[in-house]
Each structure stands twice: as structure tokens, then as C-alpha cells.
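Participant: Taken in sequence, the protein lines are chains A and B.
Quick note on the working numbering: the first sequence kicks off at 2 and runs consecutively.
Quick note on the working numbering: the second sequence kicks off at 75 and runs consecutively.
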Amino acid sequence: MLLEVRDLTVHYDSVHAVDNISLHVIEEEIVAMIGPNGAGKSTTLKAICGLLKPKSGKILFQGENINGRQPHQLVEKKLCLVPEGRRVFASMTVLENLEMGAFTINNKEEVRDDIDKVYGLFPVLKERRKQKAGTLSSGEQQMLAIGRALMLKPELLLLDEPSLGLSPNYVDIVFEKIKEINNNGTTILIVEQNARMALEHADRGYVFEIGKIAFEDKAKNLLENDEVRKLFLGG
Amino acid sequence: MEYILHILVIACIYIILTLSLNLIVGYTGLPALGHAAFSCIGAYTSSLLALNAGLSPWIGLFTGACVAAISGIVIGYPAVRLKGDYLALATFGLGVIVYSIAKNWVSLTRGPMGLPGIPGFSVAGFQLSGIWSYLLLVLVFVAITIFIINRIVNSPFGRILRSIREDEIASESLGKDTTRYKLLVFIIGAFFAGIAGSLYSHYITFIDPSSFTLIESITILLMVIFGGMGRISGSIVGAIILVVFPELLRFLGMPSSIAAPMRQMIYGLLLIFLMIKRPQGIMGVYRFK
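1. Going by the DSSP bridge assignment, what does ASP161 of chain A pair with across the sheet?
2. How close, in whole Å, do the beta carbons of LEU131 of chain A and TYR120 of chain A come, if the pair is a contact with beta carbons under 8 Å?
3. Identify which residue in A:GLU111, A:LYS56 and A:ILE22 has its Cα closest to the Cα of LYS42 of chain A.
4. Exposed or buried, THR136 of chain A, counting other C-beta atoms within 10 Å across all chains shown (16 or more means buried)?
5. Report buried or exposed for GLN143 of chain A, applying the criterion of at least 16 other Cβ atoms within 10 angstroms of its Cβ.
6. With 8 Å as the C-beta to C-beta threshold (strictly closer), list the residues of the segment 82-114 of chain A near chain B in chain order.
7. Pull out every residue of the segment 16-30 of chain A whose Cβ sits closer than 9 Å to any Cβ of chain B, in chain order.
8. Under 8 Å, Cβ to Cβ, is there at least one residue of chain A near ARG236 of chain B?
9. For GLY146 of chain B versus MET303 of chain B, is the C-beta spacing smaller than 8 Å?
10. Could you list the residues in the segment 151-183 of chain A with a C-beta less than 7 Å from some C-beta on chain C, going in chain order?
11. With H, G and I counted as helix, E and B as strand and the rest as coil, what does DSSP make of LEU99 of chain A?
12. Tell me whether the beta-carbon of ALA313 of chain B lies closer than 8 Å to the beta-carbon of ILE78 of chain B.
13. Along the chain, where does the beta strand (DSSP E) that runs through ILE60 of chain A open and close?
14. Check each candidate in B:SER203, B:ALA333, B:ILE243 and B:GLY263 and name the one with the smallest Cα separation from ILE226 of chain B.
15. For the candidate residues B:ILE218, B:ILE98, B:PRO193 and B:MET339, whose alpha-carbon lies nearest to that of SER120 of chain B?
16. Kindly say whether GLU128 of chain A, judged by its beta-carbon, lies nearer than 8 Å to any beta-carbon of chain B.
17. Which bits of chain B does GLN71 of chain A rub up against, with CB to CB less than 9 Å?
18. GLU240 of chain B versus chain A: which residues are under 8 Å apart at the beta carbon?
19. On the DSSP bridge list, what partners appear for HIS80 of chain B?
20. So which residues on chain A does ILE243 of chain B lean against when the C-beta distance must stay under 8 Å?
21. Examine chain A for any beta-carbon lying closer than 8 Å to the beta-carbon of ARG305 of chain B, and answer yes or no.
22. Would you say ILE31 of chain A and ALA215 of chain A are within 8 Å of each other, going by their C-beta atoms?
23. Would you mind listing the alpha helix (DSSP H) stretches within the segment 156-220 of chain B that are 4+ residues and don't spill past its ends, in chain order?
24. Between the Cα of LEU104 of chain B and the Cα atoms of B:PHE112, B:ALA111 and B:LEU95, which residue gives the shortest distance?
25. Could you tell me the distance, in whole angstroms, from the CA atom of GLY166 of chain A to the CA atom of SER139 of chain A?
26. Within 10 Å of its beta-carbon, does ILE49 of chain A have 16 or more other beta-carbons around it, so buried, or fewer, so exposed?
27. When you compare only the Cα positions, how much space is there between ALA146 of chain A and PRO84 of chain A?
28. Taking ARG1 of chain A as the query, report the chain B residues whose CB atoms sit under 7 Å from its CB, ordered along the chain.
29. From this set, B:ALA85, B:ALA164, B:ILE81 and B:VAL318, which residue's C-alpha is nearest LEU288 of chain B's C-alpha?
30. How do the segment 50-59 of chain A and the segment 192-199 of chain A stand: do at least 3 beta-carbon pairs fall below 8 Å, yes or no?
31. Pull up the distance between the alpha-carbon of VAL318 of chain B and that of SER15 of chain A, whole angstroms please.
32. Relative to the alpha-carbon of GLY150 of chain B, which residue among B:TYR160, B:LEU257 and B:ILE81 has its alpha-carbon at the smallest distance?
33. Kindly list, in the order they appear in chain B, the residues whose Cβ is closer than 9 Å to that of VAL76 of chain A.
34. Take SER113 of chain B as the anchor and find which of B:PRO283, B:GLU240, B:PHE325 and B:THR102 has the nearest alpha-carbon.
35. With a cut-off of 8 Å, does the C-beta of ARG225 of chain B fall near any C-beta of chain A?
36. At the level of alpha carbons, what is the spacing between ALA142 of chain B and ILE98 of chain B?
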């Protein structure tokens, strides 16, 4: 098991954002966390990658408790986040953004290889490598954000709302790319409002409801589950 | 002539201060309001070593800069964990504390009476007495500062600083220990501010706490914003204009009773006008958030 979350509780001041949840991710899976706004999906993701400190519970990554670690320590362990809202460095070029993701700055050849791999996955980034990231469309920015995280060579890639604010066309492309990244051997944990899209591409899913996990199953079972359909998939 | 050279020496000292603050505010995007405190620490350390221990101003300069850098650690350690406005307030607090110490620790600093008779620099046994030689000395330091800051901002380290300015969470998500980098920037900035303070004290030969008030910190910040944040040329232009411009207003030929307030008003109007017309500063590309 690559990631295991046990009895995780996270508070924002006195509000229970996530209450005593457990979940796990197995190697080479795509796991989706879906559910309505404020159900605690993003909170869980932020706790896993060290941006939030949990109140209690255990987060095991490759068997090691990583609860309370700083994000930069987790990146070294190859657990990487693509944050919500893309967050590219707008005034830097596409290439500079990718280089920011390069962890082994000293080995220039390796960095160039990694950049070429990202270009191979997202050819549009190569075309626009000298352009300022702020001038890209939101879909292209999302690809840049994902490509930048891939520069870190993650074992587990966390994606927070990758389809948020994208045109339907780009939503399709982004999910195709996520599948492709997964096929290349990266495990993926994804938080997504677009529940149908996420479940169609995931292996397993967790359905969140006000700080708890309401359902947990294979993604295709969740897609057929009447209650899940009624609540999150529009009937 | 002496007067013009004096203005130039002062402008050069401000260039060092502005460049070092630009590294913190402009390049890294940390709103810091206590820069005069670092130069105060540098100035007092250097002056006291020269007056009480008879050490050469060169040793004082270096020690002063190091003590300022250490104070940068002490202040930076808690401060860089704060964000935005809170960081500004915390560094503001630092300015108040250092000023109060300089003013009230009378047995060491002589308080408001100040420290008179601070010796000047000497190079290879020759006392730098003429103003020309001082101008040359500060120019050398300006050149060193520009060189080092330029190297810093164009290195991978500098790119991480810009990434913190652009989006700290994204930077963290890419495995950058942003807290450590912010602390480093504070230390470097404080070091150069300490050098500037020391240069000032040995040039003027007298310091008192009133040279290092909060207004002084704000003036340096103004120079950074006025010239353009995240631009080395901006800091140079900003410091020169804001030092020279008030002096030019002396020659407007107004009766002295209205000249002084008029200068302040014109100075203020210039700042308002520039911030409306060019909020990114004269040379800048990046706006204050």
C-alpha cells in the first residue's frame, strides 16, 4: 500500500472539517475523492501533503508516518501536489516554471531529459516554452501545473480540482493526460467536483459528505450506485 | 561642489539600503517595514567598536554587518512565519524596538545625545578625509552590492525568491522550503543594511537614534516602490531621485518660511502622482500587492 490514512481528523479552529476518516491508495491506482463543496475532500488532500496539520490520526506513506511533515520534506519522498487553481508563476516563462519543479538542479542533463518528457506529454508547452505562464489559457496553465509537478518525479501525485474553471474540451484533455501519467507508473489521488468525469477515469472512489466518507467502492460501482447517482451525478 | 558630493555620498548609501530592501520586498515579495533598524544596528556596532575599543572602522563595518545579519535571524525567525500585513506589522515592531534601545540604553549608546567623533575610514594608512575619497569608497561598496545582489537574483536561488513572491503555496508544493529561503533573504538584506549604516556613521562622524526612525524605514521602502520593485536599476534610480529631488527644491527661490513646507508638499504630490500614473514604479514591472 502506497498511502494509508487512518482515523484522520482536521479542524479549522473549532470547525470539524474532516472527522475521523480512513482511506488508502494502492500502487498504480487512480483514486478519486468526490463530494459536495465543504465535504472535506480538499482538506484531506492538504493534510496529506503537509499544508494543513491534522488534529489526530495517522498518515502513512510507503509505511512511514508522515503526519506533521512539511510539504518540502514530502516532495523529497516523492509525494507531490498540484494545488487547486493551477497556481503557475505568471511572470515566469513556461520553461522557467518547469525548471522550478526540477529538484536536482545540479544535474543539467537530467533536468533537460525531464523537461523533454513533460514536453512529450504536453506538446503545447514546448510550443509555448518562452511565453509567460500568465498569458496561457487556463487549460494550458493546468497542463503546466501538472507538468511542473511531474518534474519532481512523484510516486504519488495529488491533484486538487484539476478541472476547475476549464472549458469542457480541456476537461477531457486533462483527464486523458492524467490517465496517461498513470499508465506511465505514477499513482494518482484526485479531488474533483466533476464527479462523473473523475469516476469514469478512476479505479476506486471515496464519496465525502460533511466531513465523513459516505461511500467507498470501485469507481464503476459508484457510477452505478443509485444513491451516489442521485446525489452527485445528476440522476 | 562639496555640497553636491555630499548629496552623492548620501545617495550612494541609500542605494545600498534600497537594493538590500528590494531583495526582501521587491524580489521576494515580503513587506518589511523595519529596514532602518538593521542599518541602525550596523551603525551603532561599528561606531561603538571604533570609539570604545579603538578598532578600525573596517573591522567595525564587517562586524556591524554581521551583527545586523544576526539580528536579521533573530527578527526573521518569527517574522517570516507571518504573512502579508502581519509581517509588515512585525517588522514595524522591530523598528520601534531597535529605536527604543538606541534611545534608552544611555550607558551604551548615550541615548538621544548621540555618539560624536566617530573616526573615518583609512585605506592603507591614509585617512580618508576629503569628500572625494569618501565618494569613491561608497561607490566601491555600491558596486559590490550591485554585483552581489545581481548575482543572487539571477541565480536559481533568485528564481526561488521570485516564485515565493508569485505564489508561495505553489513554491511549497514544488518542494521549496520557503520559510528557510525567506529567512535567508532577511539575513542578506540585513547584512547590507548594516554595511550602509556603518558607512553612514563613519562618514557623518555622528549618529543619534533620530537617524533610524520609522520614517527612515518608510523612506527606504518608498525608494524601492518608486524606482520599481524587483529591479536593480529601479533601486538605483529610486534612491537617487528621492535623495536629490528634495535638494533641488531648495533652489526654487522661495522665502525660507514657506520653502520648507512647500518642499514636503511637492515631494508628497510627486509620490501620489507617480503611484497613480505608474504604480509599478519608474523601472518596475511588478506591482505591490
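Ideal placement from N, C-alpha and C gives every residue a C-beta, glycine not left out.
Facilitator: In short:
1. A:VAL192
2. According to the sequence shown, residue 131 of chain A is Lys rather than Leu. Their Cβ separation, rounded to whole angstroms, is 13 Å, which puts LYS131 of chain A and TYR120 of chain A out of contact at 8 Å.
3. A:ILE22
4. exposed
5. buried
6. LEU82, VAL83, PRO84, ARG88, VAL89, PHE90, ALA91, SER92, MET93, GLU97, GLU100, MET101, GLY102, PHE104 and ILE106
7. none
8. yes
9. no
10. Considering every chain present, this structure includes no chain C. Its protein chains are A and B.
11. helix
12. no
13. 57-62
14. B:GLY263
15. B:PRO193
16. no
17. GLU246, ASP251 and THR253
18. PHE90, ALA91, SER92 and MET93
19. None; HIS80 of chain B has no bridge partner.
20. LEU52, PRO84 and ARG88
21. no
22. no
23. 158-178 and 180-183
24. B:LEU95
25. 7 Å
26. buried
27. 8 Å
28. Since the first residue shown for chain A is 2 and the last is 236, residue 1 of chain A is missing from the structure and cannot be characterised.
29. B:ALA164
30. no
31. 55 Å
32. B:LEU257
33. GLU246, SER247, LEU248, GLY249 and LYS250
34. B:PRO283
35. no
36. 15 Å
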